[in-house]
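Colleague: First, the structure itself, so that you have it in front of you.
Numbering (this note's numbering), first residue to last: 5 to 295.
The following block contains the structure:
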């Protein structure tokens, strides 16, 4: 049995580039990056990269993403020794996490568990003898155990034998008939405003009052608020309410592994426990729960 952990994250090419540049004076080379995908429930490694070949990068058309549908790839590149992301932007870029390791099966499936062909967005399913049979004390979550495997709750697709991971299915919502991932919205905000990636987080809420997103940012109010609102509106359409919350350092609550605690932040905001936070824009209040 496994303890339940949520420590897997998507690899952002821009974040890898920033670290490589920061560590370059100490002799760090981006050629040592081996982006991989794994989870505790599979005894870590699922897909792995081997040294000697640069990791492929793709830029997907996030506006056309639909679960079980084909993924539109606008550009392709490599994360090579120069540590540069093609087109110099972060929005929509993903990095390949290699192929399944020895003795491990990784498949992308639809809602019914049917395997999807390469290039189609679905849920990552992992099989093999290293996969645990369940959680200690019977804990539940978006991860589901099936015969001989586990539905991870992570969304991704295969392209030319490489796994590309978009994010947690629980960190997404439906807008204009397509799947929108919070990590992708955060990347759009970072690209449009220049806010540091770790200084912002987007929370999506679906409920009886409609669908809404809240952008939390550790930054003083300024012209960037309008830029962020415009880019979110462009991604979500007119039917989704948008709220912007600014505050001091520490506003973004994080797990021990550095992931934003989206639900916790939303609940703290609703309860009025985010001291010194300013709510700058609210179209309407949603009474549901965060996705």
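In this text, a Cβ means the ideal position worked out from N, Cα and C, and glycines have one as well.
Around the Cβ of residue 15, are there at least 16 other Cβ atoms within 10 angstroms (buried) or fewer (exposed)?
Modeller: Numbered from 1 along the chain shown, position 11 holds the residue referred to as residue 15. Flag for residue 15 reads buried.
Colleague: Which same chain residues, not among the five before or five after residue 171, have their C-beta less than 8 Å away from its C-beta?
Modeller: Mapped onto the chain shown, residue 171 falls at position 167. The answer, listed in chain order, is 14, 158, 159, 185, 186, 187, 188.
Colleague: Using the C-alpha atoms, what's the distance from residue 258 back to residue 124?
Modeller: What you label residue 124 is simply residue 120 of the chain shown in a count that begins at 1. What you label residue 258 is simply residue 254 of the chain shown in a count that begins at 1. Their backbone Cα atoms lie some 31 Å apart in a straight line.
Colleague: Exposed or buried, what is residue 153 when buried is set at 16 or more other beta-carbons lying within 10 Å of its beta-carbon?
Modeller: Taking the first residue of the chain shown as position 1, residue 153 is located at position 149. In this structure residue 153 is buried. Its beta-carbon is surrounded by 16 or more other beta-carbon atoms within 10 angstroms.
Colleague: How many Å lie between residue 263 and residue 277 at the Cα?
Modeller: Against the chain shown, residue 263 aligns to sequence position 259. Against the chain shown, residue 277 aligns to sequence position 273. Spanning the two alpha carbons is a distance of roughly 20 Å.
Colleague: Looking at C-beta atoms only, is the number of pairs between the segment 54 to 62 and the segment 106 to 125 that lie closer than 8 Å three or more?
Modeller: no
Colleague: Spell out a yes or no on whether the segment 244 to 260 and the segment 217 to 234 are touching, meaning 3 or more CB-CB pairs, one atom from each, closer than 8 Å.
Modeller: Flag = yes, the segment 244 to 260 and the segment 217 to 234 touch.
Colleague: Which one or two residues does DSSP pair with residue 166 in a beta bridge?
Modeller: Along the chain shown, read from residue 1 onward, the residue named residue 166 stands at position 162. Looking at the DSSP assignment, residue 166 forms a beta bridge with 163.
Colleague: Per the DSSP calculation, residue 158 is bridged to which residue(s)?
Modeller: Position 154 of the chain shown holds residue 158. In DSSP, residue 158 forms a bridge with 172.
Colleague: Can you tell me whether residue 231 is helix, strand or coil according to DSSP?
Modeller: Start at 1 with the first residue of the chain shown, and residue 231 comes out as number 227. The answer is helix: DSSP assigns residue 231 an H, G or I state.
Colleague: When burial is assigned at 16 or more other CB atoms within 10 Å of the CB, is residue 140 buried or exposed?
Modeller: Taking the first residue of the chain shown as 1, we reach residue 140 at position 136. Burial call: exposed.
Colleague: Kindly identify the DSSP beta-bridge partner or partners of residue 97.
Modeller: In the chain shown, residue 97 corresponds to position 93, counting from 1. Here residue 97 is bridged, per DSSP, to 63.
Colleague: Run through the DSSP bridge pairs and tell me what residue 193 is partnered with.
Modeller: Here residue 193 refers to the residue found at position 189 of the chain shown. DSSP lists no bridge partner for residue 193.
Colleague: Kindly indicate which three-state DSSP category residue 251 falls into: helix, strand or coil?
Modeller: Walking along the chain shown from the start, residue 251 turns up at place 247. Annotated three-state conformation of residue 251 is coil, per DSSP.
Colleague: Leaving aside the five residues before and after residue 120 along the sequence, list all residues of the same chain whose C-beta is less than 7 Å from its C-beta, in chain order.
Modeller: Mapped onto the chain shown, residue 120 falls at position 116. Closer than 7 Å at the Cβ level, and outside the excluded window around residue 120, lie 72, 112, 113, 114, 126.
Colleague: Out of 79, 191, 38, 133, point me to the one whose CA is closest to residue 102's CA.
Modeller: Start at 1 with the first residue of the chain shown, and residue 102 comes out as number 98. Per the Cα distances, 38.
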